[in-house]
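Numbering (our numbering), first residue to last: 89 to 133.
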């Protein structure tokens, strides 16, 4: 399955690395979403 990780980085990124994110499937439907530091972002394929 192909997935895409989209991020909404704030204006203070990367000094404040926490960002909102959404993981999308190949049809661009949301599979998961969250707000976290990069080390906790899901892997995209």
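In this text, a Cβ means the ideal position worked out from N, Cα and C, and glycines have one as well.
Buried versus exposed call for residue i [16 or more other C-beta atoms within 10 Å across all chains shown]
i: residue 101; result: exposed
Residue nearest to residue i in terms of C-alpha spacing, selected from the options
i: residue 120; options: 105, 111, 94, 133; result: 111
i: residue 127; options: 91, 97, 106, 99; result: 106
i: residue 129; options: 113, 90, 109, 114; result: 109
Boundaries of the beta strand (DSSP E) in which residue i is found, first to last residue
i: residue 123; result: 118-124
i: residue 108; result: 107-112
i: residue 94; result: 92-96
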